[in-house]
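One structure is given here, and the rest of the page talks about it.
Number of protein chains: 2
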Amino acid sequence: MTQRTSFSHGGLRPGSGRKTGSGRYAEPTEVIRIPQSAVPAVRAWLDSRAEAMGGVTVQPFTSAPSSLPLPLFGARIAAGFPSPADDHLEDSLDLNVHLVQHPAATFFVRVQGDSMTGAGIYHGDLLVVDRARQAKSGEIVIAVINGELTVKRLKIEGERVWLLPENPHYPALEIRDGMELVIWGVVAHAVRSF
Amino acid sequence: MTQRTSFSHGGLRPGSGRKTGSGRYAEPTEVIRIPQSAVPAVRAWLDSRAEAMGGVTVQPFTSAPSSLPLPLFGARIAAGFPSPADDHLEDSLDLNVHLVQHPAATFFVRVQGDSMTGAGIYHGDLLVVDRARQAKSGEIVIAVINGELTVKRLKIEGERVWLLPENPHYPALEIRDGMELVIWGVVAHAVRSF
DNA sequence: TTCTTGATTGACGTAACAATAATCAAGATG
DNA sequence: CATCTTGATTATTGTTACGTCAATCAAGAA
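These protein sequences, in sequence, are chains A and B. Numbering-wise, my numbering puts 182 at position 182 of the first sequence, and it's gapless, one number per residue. For my numbering, count along the second sequence from 1 and bump the result up by 194.
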């Protein structure tokens, strides 16, 4: 090799390579295949585990339980969520297909107020409203009364019609002559978000 | 091809291939690299969480979601008769987009029981469960306690963990040493049908 | 003395691959 | 007719291969 001018740093360094154990986990690793849905939990668990191993004091529950004790600890309890007789996964579900019967006549409305809490409809819930559906007595409807939109349960008896709240703090309203009632649509579903 | 004698079963079967979702995990998988020492724990955890769901009807979110943006009306329409062409039309909303953050990790479970009515979750409701989401204190979760599923509100304070009902008729449960808790997923939405 | 440099090696995440598993419907058998 | 078999079809799974990134080295430059 001919002479090198200046600006010739570097060069061979036998044995200079990265040292074993210098990686994130300081130990050998393995490649495994896991369900996509489990990836975040496993990663989080590894992260918290690495911190603990680093000698730093970490609260065991600082991170979410799903990243917790992958090892199980064992107890029992009954209650809460009895399972149906069916087993295993059924067919997949598409929300648009499952919740929308008449696409051209379906609209969403956000609930304001709490007059329907007895029916499990709360402030902020999203209502799926089907305008192609014929309203029947007992159904929850979007109604227009004297130009104002409201969510109520429709009651029809003979020629008499009511809009009933599902909260005792609100009055029932009977539709009388001279009152303009329009049933705008029928509430098919209510979606509450957490 | 000349004539076939007997003993000629088999043959072409277009479309006969293995169905999607027929694997051990019934969902897509990913390959990740983890420390060798963590492999047994992760495998055990995957096994146990799969077992826990064995008797429950769970529906995965469709792998081919339809697109159906539908109009979202403003909550307060002061005057007139709302119609699709109205100015009051705030936005459009697609349920598959709006309600599903992690498609591959989203599953649906139907509620049985009434321990969570205080949170607006009633018997028969359809829960949208996000399994990729980290559970935090205060969130409603699907939890596995000794192979039994339950829907509860998770409470974490320091090192203590509880599963709380939202109905005074049911007891709160504190997770103690030796108890086996797995958070199967976080409840993102509840859908009530009318 | 500190920083830079080209080279050396280990670590990591993903792609690629092959074997296995699940599914299909026509044909064979009892 | 009911059940099993068959060859083909397709998804899943675990492992290996691969390329990029990261950590380390010591001579040279400032």
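Every residue gets a Cβ at the ideal spot worked out from N, C-alpha and C, and that includes glycine.
Three or more pairs of CB atoms, one per stretch, sit closer than 8 Å, so the segment 303 to 321 of chain B contacts the segment 342 to 354 of chain B.
Chain A places a beta carbon closer than 7 Å to that of Q230 (chain B), counting this residue as a contact. From the beta-carbon of R325 (chain B), the residues of chain A found nearer than 7 Å are S37.
In terms of CA proximity to V338 (chain B), B:W239 leads the group B:R207, B:W239, B:Y219 and B:I226. Under the DSSP assignment, L93 (chain A) falls outside any beta strand (DSSP E); it carries neither an H nor an E label. Here the alpha carbons of E157 (chain A) and Q112 (chain A) stand approximately 28 Å from one another. Here L289 (chain B) is buried, its C-beta having at least 16 other C-beta atoms within 10 Å.
Chain order gives the chain A residues near G314 (chain B) as G120, Y122 and R192, where near means a beta carbon separation below 7 Å. Listed by position along chain A, the residues whose Cβ is nearer than 7 Å to that of E221 (chain B) are P35, Q36 and S37.
Distance from the CA of R218 (chain B) to the CA of I228 (chain B), rounded to the nearest whole angstrom, comes to 20 Å. Looking at the DSSP output, E157 (chain A) shares a beta bridge with A:R160.
Scanning its chain for C-beta atoms nearer than 7 Å, with the 5 sequence neighbours on each side dropped, one finds around L358 (chain B) the residues K346, R347, K349 and A366, in chain order.
DSSP, reduced to helix, strand and coil, places T117 (chain A) within a helical segment of the structure shown. With a 10 Å radius around the Cβ and a threshold of 16 neighbouring Cβ atoms, M179 (chain A) comes out exposed.
When Cβ-Cβ separations below 7 Å define contact, H383 (chain B) makes contact with chain A. Look at L206 (chain B): its C-beta is not under 7 Å from any C-beta on chain A. If you compare the alpha carbons of B:V355, B:A384 and B:V385 with that of L375 (chain B), the shortest gap goes to B:V355. Separation of D308 (chain B) and A258 (chain B) (C-alpha to C-alpha, rounded to the nearest whole angstrom) is 33 Å.
By the Cβ-count criterion, A26 (chain A) is exposed, with fewer than 16 other Cβ atoms from all chains shown falling within 10 Å of its own Cβ. For A105 (chain A), there is no enclosing beta strand (DSSP E), as DSSP marks it with neither H nor E. Between the alpha carbons of K19 (chain A) and P234 (chain B) lies a distance of about 26 Å. Taking 9 Å as the upper bound on Cβ-Cβ separation, chain A lies near residues L348, I350, E351, G352, E353, R354, V355, L357 and P359 of the segment 347 to 363 of chain B. Counting C-beta atoms within 10 angstroms of its own C-beta, A104 (chain A) has fewer than 16 neighbours from the protein chains shown and is therefore classed as exposed.
In the DSSP assignment, S387 (chain B) falls within the unbroken beta strand (DSSP E) covering L375 to S387.
Comparing alpha carbon positions, the residue from B:M310, B:S260, B:L266 and B:E368 closest to S92 (chain A) is B:S260.
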